[in-house]
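**Q** Would you mind keeping the following structure in view while I ask a few things?
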Amino acid sequence: MTIETTPIQDLVIINPTVFEDARGYFFEAYNQNTLAAQGINIDFVQDNQSFSKRGTLRGLHYQNPPFAQTKLVRVLQGEIIDVAVDIRKQSPTYGQHFAIKLSAENKKQLLIPHGFAHGFSVISETAVVMYKCDQFYNKASEGGIRFDDPSLNVVWGMDLKDAIVSDKDLVLPGIEECNSEF
């Protein structure tokens, strides 16, 4: 696998090495030793999986310390626009976001470290998203940022008036009012 940097420090794309033949394909989606050799040392403790229909928009979510989560996100079926927002107040890229198309076809993964809010929109008929976390879910530490915060100007790959958004996500604050402790 190869590691691709992004314009935001510590946020990286992992591209697996895919072996294809007449039977189909094989690749390692995660190998702790391979990543450690590239300076990425994370102990994942939880795997999450979601199924969503076209137009679903989830996020932008994070957990505050000491329950902050690093996430390794990939798509098992379908296609999404995956978004990470830097909420580290001392970071030179605070308030900036990075968006990438993740799909079952391209097999790319986004490694989102502590200090980022995360969300995605589904741009295929359906999508199955899986992500590894290095910390367990903790409701008391969760926070979020409104997906349509104009200061972020995220392009979600869909008309937002048609987005399917949870009631919880509709009432999240903008980045300037969020309770981020990073």
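When we follow the numbering used here, the leftmost residue of the sequence shown carries the number 46, and every step to the right adds one. Yeah, the Cβ is synthetic: ideal placement off N, Cα and C, and Gly gets one too. Keep in mind that this is a model prediction, so the values were computed, not measured.
1. If you draw a straight line from the alpha carbon of Ala172 to that of Ile126, how long is it in whole angstroms?
2. Give me, in chain order, the residues of the same chain whose beta-carbon lies closer than 6 Å to that of Asp207; leave out the 5 immediate sequence neighbours on both sides.
3. Spatial neighbours of Gln108 within its chain, please: C-beta separation below 8 Å, excluding the five flanking residues on both sides.
4. On the three-state DSSP scale, how would you describe Thr171?
5. Excluding the five sequence neighbours on either side, which residues of its own chain have a C-beta within less than 8 Å of the C-beta of Glu221, listed in chain order?
6. Based on Cα-Cα distance, which residue from Pro110, Ser211, Tyr176 and Pro61 lies nearest to Glu73?
7. Rank Ser95, His159, Phe89 and Gln122 by C-alpha distance to the C-alpha of Pro111 and give the top, closest one.
8. Taking the DSSP output, what are the residues bridged to Ala162?
9. Skipping 5 residues on each side, what residues in its chain have a beta carbon closer than 8 Å to that of Ile85?
**A** Straight from the coordinates:
1. 11 Å
2. Gly100
3. Non-local beta-carbon contacts of Gln108 in its own chain, meaning distances under 8 Å to residues more than five positions away in sequence, involve Gln114, Gln180, Tyr182, Asn183, Ser186, Glu187 and Gly188 in chain order.
4. strand
5. Ser196
6. Pro61
7. Nearest option by C-alpha distance: His159.
8. Val130
9. Ile48, Val57 and Leu156
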